[in-house]
Amino acid sequence: MSTSANALEVDHVTKTFRIHREKTNSIKQLVAGKGRNRYDTFTALNDVSFEVREGEVFGVIGQNGSGKSTLLKCMAGILQPNKGRVSIHKRMSALLELGAGFHPELTGRENVFLNASILGMGRRDIAVRFDDIVEFAGLGAFIDSPVKTYSSGMYVRLAFAVAINVDPRLLIIDEILAVGDVTFQARCLEKFVEFRNDGRTIVLVTHDLASVKNMCDRAIWLRHGVITGEGDPSDLVEAYTEMMLGDRNRGADGSVRRGSGELQIDRVELFAGDNPEPVKRFRTGDDLLFRLHYHAESSVPRPIFGIEIEHLGGATVTTPCTRDIGLIPDVVRGHGVVDFAVKNVSLLPGTYDLHTSVTDFNRQHEYDMVHLALRFDVMSGRPYESSGIVTLRPEWTISES
Amino acid sequence: MSLRAAVANRNLLYLLSLRELRTRYKKSVLGWAWSLLNPLSQMLIFSMIFLYVFEQVPTTGEPSGLKNFPLYFLCGLLPFNFFSIGIGVSIGQVQNGAGLIKKVQFPHEHLVFSVIVAQFVTLLIEMVVLTIAMLIGGNMVLPWLPPLLLVLALLALFTTGIALVLSSCNVFFHDVNYLWGILVQLLFYATPIIYDPANIDLDVLQKIANYGPTGSFVIAVRNIMYDLRMPGTGRLIQLVVLAFGSFLIGAWVFNRLSPRFAEEM
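Going line by line, the protein sequences match chains Y and P. So the first sequence is numbered by my numbering: it starts at 1 and just counts up by one. So the second sequence is numbered by my numbering: it starts at 402 and just counts up by one.
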């Protein structure tokens, strides 16, 4: 592997952080603290080495706290490694956060110039690409309004448009392909593919395993700051998923739980019809009530409860959540229940699994996810269809013309 | 910070400075007029106190013969304000740029430079107003503007150096910000803005007023604009040493600390 064909080399990089027991942010504390030895050392990256070849799409996967972000920041030149070095051989652009440096009082136009020059573009280059940027963001006349008047969608669209137009030969991305609405996401993906087909190098740091599997040529797996695996993305993702499942708490009933745990779903009960006792089976056409019992040790603001019903065959039937209907409690504490009622259920005979999730309002932070919280059977009822998962309650007519 | 990187990024500096200027008086009705109203109101207050409360006689300019306290005062206040406000705003500038520093790689010193550039633009506007006032007052200052610019440029260099040290230290110890609030008051009175150092009897205080760093710049500006004469050679050498000394030390300290900013924030 010749050096000239590498776009990026990470060479024995070690990065440690000092965790101060008491943060000395004032001179008084520093003097009174008698020396500065009151810290622990935390090793975020331990002797990490890899190379990214030119034209390659390279994935970095790992759990939260595995050192992904630190590695990303070292590659982007934001953090300096304690040992080892990072060599960049191409014009690099790192997208860690969209719209970093946008000033709310300035107009979109002014911010485009500022943001692009922060990302390293010259003024003439920006002027040439300005129309492309506005076009891509789809802002139209809004480009001359202050950014603070933008919707969050417009904001990220403009930011992404700037970032993508910096025209890097090496792009380092931190899970930001999932911004904006569906149309915009599709355009981002298009741009991404265009980049790849152009022979540009992309480093994708993410825990979205599907995108690693689909897009990357090669990947590494970081665990506790050490490279645990390197190679084919599919194999790596498989090994990673297996490990993740093993890491979780496996309940006696086969349920699997993860999340930070401030708010937890203790159990899920299913009621059918007028029967006061919980059941595990019902018929198509019954009135159902799913009851989620939760408890929160401390106050949890604006939680979003969601469930997913999956057919045993693997097809997702439905994934409703309380955010979709705007049912958002200000704060939740102690014990309680969430009821999810379904009248005249449309599920057809078969076995189904129910998974629950509790997240914060932005659906970024997982308080509690229970995989396989409940398994239930549906027996034939009315209407009856011999196969399929749900019935659309069709009204058939046959007429002669 | 290599000079080459700074030049390569001059576009960024330009845009950051523009941001400073554009956002400064957003949402205020009088907008830019504030940058002039502030020194003018200070001039009115101190003129009242000086002329009518303490009943002092203003210093006569030599050789200009000008005898006007408000103009005497402005010659000192404007450069001092550039220095004190420039540093006051810079101190928090690096810390405020945390969102940027943690997410993008770029020359951090430009955050500080942009404040100084924006403040310097303000100073130049103020100097234009002062020049007009001087002409009305009978001081033919036009031929003296080139040496004035030279002194102001040295002042900017001096201010930048101190701003670099304080803004980078402020990331690690937020006390710097508060400390500066006290120090700037002390400096205001240690600098011959309201008074003439020649009128001080106590030798130590006179020396401080005459040769203190801010005093030196103020006196040089006043020599040029009020007295209409070049500052002495010794004075000019002092200014050059202060300006370059401060800038070099500032750049060295900032360069040492800036790789650690992202971690510390």
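Just so it is clear, CB atoms sit at the ideal spot from N, CA and C, and this is done for glycine as well.
Open item on the list: Considering only the alpha carbon of each residue, which of P/459, P/500, P/662 and P/564 lies closest to residue 520 of chain P?
Closed with: P/564
- [ ] Rank Y/78, Y/398, Y/351 and Y/356 by C-alpha distance to the C-alpha of residue 390 of chain Y and give the top, closest one.
- [x] Checking every option, the nearest Cα to that of residue 390 of chain Y belongs to Y/351.
Open item on the list: If contacts are defined as beta-carbon pairs under 8 angstroms, then residue 618 of chain P and residue 640 of chain P qualify, I think. What distance do you get, rounded to the angstrom?
Closed with: 7 angstroms
TODO: Ignoring anything shorter than 3 residues or poking outside the segment 127 to 200 of chain Y, list the beta strand (DSSP E) runs there in chain order.
DONE: 170 to 174
Task: Within chain Y, the residues that residue 413 of chain P reaches when beta carbons sit closer than 7 angstroms - done: Against residue 413 of chain P, the close residues of chain Y are 117 and 118, in the order they occur along the chain (beta-carbon pairs closer than 7 angstroms).
Task: Candidates Y/115, Y/83 and Y/85, of which the one nearest residue 429 of chain Y by Cα - done: Because chain Y here runs from 1 to 401, residue 429 of chain Y falls outside it and cannot be looked at.
TODO: Could you tell me the boundaries of the beta strand (DSSP E) in which residue 51 of chain Y lies?
DONE: First-last of the beta strand (DSSP E) with residue 51 of chain Y: 39 to 53.
Open item on the list: Are the CB atoms of residue 594 of chain P and residue 477 of chain P within a distance shorter than 8 angstroms?
Closed with: yes
Open item on the list: Within 8 angstroms, do at least three Cβ pairs link the segment 197 to 210 of chain Y to the segment 152 to 172 of chain Y?
Closed with: yes
Task: Extent of the continuous beta strand (DSSP E) run through residue 369 of chain Y - done: 366 to 379
- [ ] Ignore the nearest five residues each way along the sequence and tell me which others in residue 306 of chain Y's own chain have a CB closer than 6 angstroms to its CB.
- [x] 321 and 357
TODO: Could you tell me which residues DSSP puts in a beta bridge with residue 20 of chain Y?
DONE: Y/39
Open item on the list: From the DSSP secondary-structure annotation, give me the bridge partner or partners of residue 335 of chain Y.
Closed with: Y/295
Task: 7 angstroms Cβ cut-off: residues of chain Y touching residue 503 of chain P - done: Under a criterion of Cβ atoms nearer than 7 angstroms, the residues of chain Y adjacent to residue 503 of chain P are, in order, 78.
- [ ] Starting from the C-beta of residue 393 of chain Y, find all residues in its chain whose C-beta is less than 8 angstroms away, skip the five residues before and the five after it, and write them out in chain order.
- [x] 346 and 383
Task: Below-8 angstroms beta-carbon distance, residue 113 of chain Y vs any chain P residue - done: So, interface residue.
Open item on the list: Helix, strand or coil for residue 86 of chain Y? Go by DSSP, reduced to three states.
Closed with: strand
Task: Segment contact flag, the segment 75 to 89 of chain Y with the segment 101 to 119 of chain Y, C-beta cutoff 8 angstroms, min 3 pairs - done: Touching, no.
Open item on the list: Looking at chain Y, is there any beta carbon in it that lies within less than 8 angstroms of the beta carbon of residue 434 of chain P?
Closed with: The beta-carbon of residue 434 of chain P is placed no less than 8 angstroms from the nearest beta-carbon of chain Y.
TODO: With DSSP as the reference, label residue 352 of chain Y as helix, strand or coil.
DONE: strand
Task: Under the three-state DSSP convention, the category residue 11 of chain Y falls into - done: strand
- [ ] Please classify residue 2 of chain Y: does DSSP put it in a helix, a strand, or coil?
- [x] Residue confidence is low: residue 2 of chain Y scores 44 on pLDDT, short of 50, so the model does not pin down where it sits. Its coordinate-derived value is still stated next. In the structure shown, residue 2 of chain Y sits in coil (DSSP, three-state: anything other than H, G, I, E or B).
Open item on the list: Can you pull out the residues from the segment 88 to 105 of chain Y whose beta carbon lies closer than 8 angstroms to at least one beta carbon of chain P?
Closed with: For chain P, the residues of the segment 88 to 105 of chain Y that bring a beta carbon within less than 8 angstroms of one of its beta carbons are 94, 96, 97, 100, 101, 103 and 105, in chain order.
Task: is_contact[residue 73 of chain Y, chain P] using C-beta, thresh 8 angstroms - done: yes
TODO: Quick one: list the residues of chain P neighbouring residue 123 of chain Y, beta-carbon separation under 9 angstroms, in chain order.
DONE: 412, 415 and 416
Open item on the list: Counting C-beta neighbours from all protein chains within 10 Å, is the total for residue 631 of chain P 16 or more, i.e. buried, or is it exposed?
Closed with: exposed
Open item on the list: Bridge partners for residue 221 of chain Y per DSSP, in chain order?
Closed with: When beta bridges are read from the DSSP output, residue 221 of chain Y appears opposite Y/61 and Y/229.
Task: C-beta atoms of residue 72 of chain Y and residue 163 of chain Y nearer than 8 angstroms - done: No.
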